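Chains as they are written, first to last, in our numbering: chain U, 15 to 359; chain E, 15 to 359.
Every residue gets a Cβ at the ideal spot worked out from N, C-alpha and C, and that includes glycine.
Fair warning: this is a prediction, and the values are worked out from it, not measured in the lab.
Number of protein chains: 2
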Amino acid sequence: MRLDSITIKDIAKALNLSYSTVSRALKDSYKISEETRRIVQEYADIHQYRPNLIAQSLKNKHSRSIGVVLCNIPNVFFAEVISGIESVAYNNDYLVIITQSQESYEREMKNVQNLTWRSVDGLLVSLSTESEDLSHFSKLHEQGLPIVFFDRVTDQLATHRVVADNRGGAYECTRHLIDSGYRKIAHITSSPHISITRERREGYEQALQEAGLAINETYIKYCMHGGMLPEEIGKAMDELLLLPDPPDALLCASDRLTMGCYSILRKKGLKIPDQMAIAGFSNFNSPELFCPSLTTIRQPAYEIGKTATELLLELIESKRPPTEFTKKIFPTELFIRDSTRKAGS
Amino acid sequence: MRLDSITIKDIAKALNLSYSTVSRALKDSYKISEETRRIVQEYADIHQYRPNLIAQSLKNKHSRSIGVVLCNIPNVFFAEVISGIESVAYNNDYLVIITQSQESYEREMKNVQNLTWRSVDGLLVSLSTESEDLSHFSKLHEQGLPIVFFDRVTDQLATHRVVADNRGGAYECTRHLIDSGYRKIAHITSSPHISITRERREGYEQALQEAGLAINETYIKYCMHGGMLPEEIGKAMDELLLLPDPPDALLCASDRLTMGCYSILRKKGLKIPDQMAIAGFSNFNSPELFCPSLTTIRQPAYEIGKTATELLLELIESKRPPTEFTKKIFPTELFIRDSTRKAGS
DNA sequence: TTTATTTGGGCAAACGTTGGCACAAGTCGT
DNA sequence: ACGACTTGTGCCAACGTTTGCCCAAATAAA
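Below, the structure is given as structure tokens:
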């Protein structure tokens with residue numbers, strides 16, 4: 015259902031001008047007399063002329079819309095990212111189309127396909143945990159579709175990437191745990207396919223190594239669906255707890271994981287942080303209300319969304335494909351709270 | 015940048031048919047021989063023909079997209095609603111365009127305008143706290159644009175509404191507080207302009223009245239921006255606490271308010287629930303981790319989004335404007351936790 | 001056999017914009 | 001006074017689909 019709005023043709027007829035003159039007067043391009051321009055503008059204003067964006071898209075081959083592919087909207091981190099995306103898009107008159115992969119490769123592919131049929135001008139992507147084969151993206155990218163990756167990125171495609179300093183965040187937090195006296199630090203993380211998993215593990219391992227602590231593979235647990243399935247977190251925790259020499263601290267690699275693990279510890283009645291310390295990546299904004307308050311590594315999610323979108327719009331609007339691709343890395347913030355403070359320290 | 019994809023014309027030329035025949039064969043309408051249909055379909059499949067949705071929109075006067083107007087994406091409740099919206103839209107091949115009003119009337123108007131220029135087929139709306147004048151919606155609605163309201167609804171427009179049982183939820187929770195022995199129950203709520211504020215207050219007042227308790231106006235605090243501005247919550251709390259006879263329990267009317275108030279109570283070092291009990295509407299999914307665990311009223315946000323979208327699509331796809339408009343009311347769930355359990359009870 | 005009806009398919013206009021090209025009138029230099 | 005520009009505007013095709021209308025052939029009815 016279209017809302018009856020006046021068109022260029024209407025203006026042309028009313029003013030006894032040709033379509034093209036009106037069109038040109040309206041977007042003050044080309045050589046149009048000041049007089050004509052004024053008359054047209056005035057008429058357009060009075061009659062509330064609005065260009066039909068669909069028609070423009072058809073003609074111009076671009077739709078002023080961008081597609082977003084991410085795993086799950088209610089995830090705090092992504093919700094904040096979206097908010098950042100939306101704000102930049104809004105200011106630039108772009109429209110944002112959001113799709114959720116729910117950590118499924120299948121769905122991610124379908125969404126991307128759908129988005130391209132819709133002729134989005136560019137894509138903002140955070141990979142699903144299942145995605146190993148990235149050909150659905152590289153094909154499009156080769157055809158010239160601008161893509162910017164954020165959070166869960168890849169180096170298989172030559173394009174911009176926007177991430178938090180995952181390695182640094184994990185490193186800093188692990189160091190903090192070590193400094194607090196913990197020696198048996200486990201790492202509960204997501205699928206090894208995605209970039210954040212690798213980077214966070216590297217930070218974790220680096221801190222251990224620098225402290226002269228051995229890396230214990232049995233202390234590293236992968237949740238292949240990033241914690242979407244509650245049972246995978248439970249399983250990982252059980253395995254850890256049943257170890258002959260169980261860990262005394264937990265570094266969790268994502269929002270869902272952090273919440274899930276914390277919740278399990280509490281349910282099992284373990285004393286935090288004495289029996290088990292816990293810290294993790296999380297953008298939840300009241301972790302101080304937990305009991306004990308929760309040590310978190312916070313990512314500048316809004317900033318990430320904002321920057322990724324700015325980069326994408328730049329890509330879209332630049333005439334020629336850029337030769338250089340940046341990887342923006344935003345620092346994380348460690349908030350030390352009671353869940354990692356030993357009673358005595 | 016359009017991805018070179020084959021068009022109907024290409025197929026027509028290759029198969030030596032006319033555009034119209036191909037078009038009709040593809041959407042098996044009209045009378046086309048089985049033979050032709052098969053040939054066209056096959057060719058289309060092999061060459062991965064995808065209809066150009068922009069062109070279709072221009073021709074058909076609809077875009078298979080819906081606009082969403084709500085206040086703030088990172089708000090848990092709305093994030094879940096969006097997730098529900100997205101799932102229905104996805105299954106019906108509709109595209110979802112999300113805008114945030116940030117509780118600003120100004121922005122809400124601009125967003126709606128923008129959305130209609132984009133020729134969305136329908137609107138899903140949750141009003142901002144500032145919106146009193148609804149003419150930007152009613153104008154469009156009169157012109158035939160399908161609109162479904164959810165959460166913060168209005169009866170100024172004759173259309174579908176989807177909400178939680180706000181009155182019931184508030185009533186049940188207030189009763190619970192009364193039953194737990196609290197007698198001085200304050201209500202911290204949002205702007206009186208929006209429907210949820212009124213409904214929740216009604217539930218609160220009804221419970222008080224049934225219990226023979228007086229309604230104390232000084233116990234009802236309105237945060238005009240729904241708690242978006244941290245200082246408004248602080249001010250409301252201060253005023254309550256400084257009352258000669260301060261309340262002993264708090265019923266908070268929204269996610270942000272509940273979190274904000276809880277946080278302030280903790281910061282001020284008040285004993286929950288002995289000095290002050292607190293309960294509120296919240297969709298945060300780990301309130302049991304708070305200290306003390308937080309009593310919440312949960313709304314079926316995902317369901318609300320899902321249902322609103324189903325209703326909207328029905329409206330969009332039905333030929334004639336319906337004569338009846340439904341108001342779907344979903345029950346809320348009260349989760350009683352320690353923040354409202356007196357030590358002795 | 002003629003006429004009416006069905007079946008299958010083509011033509012071309014339309015949706016609202018845009019932009020290359022053409023062209024008339026005015027301006028300038030010589 | 002005559003060509004060479006410049007300026008302002010109009011014409012028309014194109015973007016990819018859809019669809020009303022028309023028409024040819026085949027079939028059925030008379």
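| Item | Value |
| --- | --- |
| Residue environment, E:K341, which counts as buried when at least 16 other CB atoms sit within 10 Å | exposed |
| Any chain U beta carbon closer than 7 Å to E:R312 | no |
| Distance, E:V176 Cα to E:F344 Cα | 8 Å |
| Validate contact between the stretch 115 to 133 of chain U and the stretch 323 to 340 of chain U using beta carbons, cut 8 Å, 3 pairs | no |
| Neighbour list for U:E67 in chain E, Cβ cutoff strictly below 9 Å | Here residue 67 of chain U is Leu; the residue named in the question, Glu, does not match the sequence. Result: W131, R132 and S133. |
| Alpha helix (DSSP H) segment containing U:E151, residue limits | The amino acid at residue 151 of chain U is misidentified as Glu; the sequence shows Phe. Counting along the chain, the alpha helix (DSSP H) containing U:F151 begins and ends at S149 to E156. |
| Buried/exposed call for U:T321, threshold 16 Cβ in 10 Å | buried |
| Neighbourhood of U:N66 by C-beta distance below 8 Å, restricted to the same chain and skipping five residues each side | S19 and T21 |
| For U:R280 and U:T309, believed in contact at Cβ under 8 Å, the rounded distance | At roughly 15 Å, the Cβ-Cβ gap does not stay under 8 Å, so U:T309 and U:R280 are not in contact. |
| Distance CB(E:G98)-CB(E:Y316) smaller than 7 Å | yes |
| E:D147: CB within 6 Å of a non-hydrogen atom of the ligand SAM | Judged by which ligands are present, the structure shown has none, so any question about the ligand SAM falls away. |
| Cβ shell of U:N106 (< 8 Å), same chain only, five flanking positions each side left out | L327 |
| Beta-carbon separation (whole angstroms), E:A69 vs U:L72, contact threshold 8 Å | 6 Å |
| For E:Q170, three-class secondary structure by DSSP | coil |
| Whole beta strand (DSSP E) elements within the stretch 229 to 290 of chain U, 3-residue minimum | 234 to 236 and 263 to 266 |
| Cβ-based burial, U:P301 [other Cβ within 10 Å; buried from 16] | buried |
| U:H61 burial status per 10 Å Cβ neighbour count (16 or more: buried) | exposed |
| Counted within 10 angstroms of its Cβ, other Cβ atoms place U:T232 as buried (16 or more) or exposed | exposed |
| Chain U within 7 Å of E:F304, Cβ atoms only | yes |
| Proximal chain U residues relative to E:T111, where beta-carbon distance stays under 9 Å | One detail in the question is off: residue 111 of chain E reads as Ile in this sequence, not Thr. Near E:I111 (Cβ distances below 9 Å), the residues of chain U are S79, L109, V110, I111 and I112. |
| Nearest-angstrom Cα separation, counted from U:E347 out to E:G2 | Residue 2 of chain E cannot be examined here, being either before or after the span of chain E that is shown, 15 to 359. |
| Minimum C-alpha distance to E:E213 - residue among E:L84, E:I234, E:D179 and E:Q223 | E:D179 |
| Within 7 Å, strictly: CB atoms of U:Q245 and U:H239 | Reading off the sequence shown, one finds Glu at residue 245 of chain U, where the question assumed Gln. Result no, Cβ atoms of U:E245 and U:H239 do not sit closer than 7 Å. |
| Neighbour-count burial assignment, E:E253, 16 or more Cβ in a 10 Å radius | exposed |
| Assigned secondary structure, U:L40 (DSSP; H/G/I helix, E/B strand, else coil) | helix |
| The stretch 149 to 166 of chain E in contact with the stretch 181 to 194 of chain E per 3-pair CB rule at 8 Å | no |
| Chain E contact residues for U:E94, given Cβ-Cβ distances below 9 Å | I87 and P88 |
| Reduced DSSP category for E:I318 - H, G, I as helix; E, B as strand; rest coil | helix |
| Residues sharing a beta bridge with U:R312, DSSP | U:E347 |
| Any chain E beta carbon closer than 7 Å to U:R64 | yes |
| Spatially closest choice to U:H201 from U:D193, U:L222, U:I208 and U:S209, by CA coordinates | U:L222 |
| Cβ separation of E:L191 and E:T354, assumed to be a contact under 8 Å, to the nearest whole Å | 6 Å |
| Beta carbon proximity, E:S97 to chain U, threshold 7 Å | yes |
| Same chain, Cβ closer than 8 Å to U:I330, neighbours up to 5 away in sequence not counted | H76, I80, D135, G136 and P160 |
| Per-residue burial, U:E122 [other beta carbons within 10 Å of its own, 16 or more giving buried] | buried |
| Reference U:G182; option with closest CA among U:T173, U:E156, U:T211 and U:A26 | U:T211 |
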